[in-house]
């Protein structure tokens, strides 16, 4: 059974660039929607690769670097969309419209034609990565490497969450969020083997990921507001009001993250790994949609 899980992992990893290509080639989706879904898919792929066996450790490391580059290629477009959405959601339409609008390439949504060019470049790169992954093999591997990688992710996440999200620096918050994203996708991958008691843990990871992501987005909006230098008494008053609202939201989101963090990994990583291994030994792997 564990060998089936090993083969299932490899098939899932090989399927990622193919799924990304189907996403890029989907003419029904707009470029912005494609970028958002593409970046999430790259995170899921990266998370699975962190479970790689020692025999593929170097190849997986190089592949993750390629995936990181693919995600960063669309970073400016993503930040521009998130900045506008976060500001409008936090401030309301009336106050948002009174603020100076973002200027420059890094803070303005990319033109659809620019995004299409980036997607075309990603298409070429994904084709190459798909060919590279076709040469990978897990012959002779059991599923122990999956449990080892899962325990490693649990331990990393637990160490990150030892810091209080209310007082955590933005750098450590980013690191914690990355660890939680990896663990969340891995929990999704193992879902066919999970007992009912594991399901709440996956939901907690998703909720915590959402709260920390909101803090990161609000911090981006806060930096944008600080960089603006409005002229006139009325403009300055609106600016201060906006800053105050953003700051309050950051504190609120950090507080929610702190409460979720205390609940996510209340058991030792080794204990979770043993329990998962027992379930994998008796349950067939099934394809799941990581999103």
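In this note's numbering, the protein residues as written are 301 to 591. We put the CB at the ideal spot given by N, CA and C, even for glycine. These numbers were taken from a predicted model, which means no experiment stands behind them.
Asked: Under the three-state reduction of DSSP, which class applies to residue 586: helix, strand or coil?; Found: coil
Asked: Let me know the secondary structure DSSP gives residue 490 once reduced to three states.; Found: coil
Asked: By the three-class DSSP mapping on this structure, what secondary structure does residue 465 have?; Found: coil
Asked: Is the segment 438-456 close to the segment 568-584, with three or more CB pairs under 8 Å?; Found: yes
Asked: Beta carbon of residue 312, beta carbon of residue 489: below 9 Å?; Found: yes
Asked: Is residue 473 closer than 9 Å to residue 512 when the C-beta atoms are compared?; Found: yes
Asked: Looking at C-alpha atoms only, which residue of 345, 320, 507 is the closest neighbour of residue 334?; Found: 320
Asked: Can you list the alpha helix (DSSP H) stretches of 4 or more residues lying completely in the segment 343-373, in chain order?; Found: 357-373
Asked: Please state if the CB of residue 590 and the CB of residue 550 are separated by a distance shorter than 9 Å.; Found: no
Asked: Please report how far the alpha carbon of residue 505 lies from the alpha carbon of residue 310, in whole angstroms.; Found: 24 Å
Asked: Inspect the beta-carbon positions of residue 542 and residue 560 and report whether they are closer than 9 Å.; Found: no
Asked: Looking at the unbroken alpha helix (DSSP H) that takes in residue 446, where does it start and where does it end?; Found: 444-460
Asked: So, for residue 426: in the same chain, excluding its five sequence neighbours on each side, which residues have a beta-carbon less than 6 Å away from its beta-carbon?; Found: 317, 320, 321
Asked: What's the call for residue 424, buried or exposed, on a 16-neighbour Cβ count within 10 Å?; Found: exposed
Asked: Helix, strand or coil for residue 580 per DSSP?; Found: helix
Asked: What are the boundary residues of the alpha helix (DSSP H) that residue 316 is part of?; Found: 302-324
Asked: Under a three-way DSSP split, which group does residue 427 fall into?; Found: helix
Asked: Closer than 8 Å: is that where the CB of residue 538 sits relative to any heavy atom of the ligand ATP?; Found: As for the ligand ATP, it is missing from this structure, which has no ligand bound.
Asked: Measure the alpha-carbon distance for residue 373 versus residue 346 and round it to whole angstroms.; Found: 16 Å
Asked: Please report whether the beta-carbon of residue 301 lies at a distance below 9 Å from any beta-carbon of chain C.; Found: In the structure shown, chain C does not exist; there is a single protein chain.
Asked: Can you tell me the Cα-Cα spacing of residue 493 and residue 500, whole angstroms?; Found: 14 Å
Asked: Quick check on residue 437: does DSSP put it in helix, strand or coil?; Found: coil
Asked: Quick check: what's the CA-CA separation for residue 509 versus residue 477?; Found: 6 Å
Asked: Compare the Cα-Cα distances from residue 418 to each of 460, 448, 449, 370 and report the closest residue.; Found: 370
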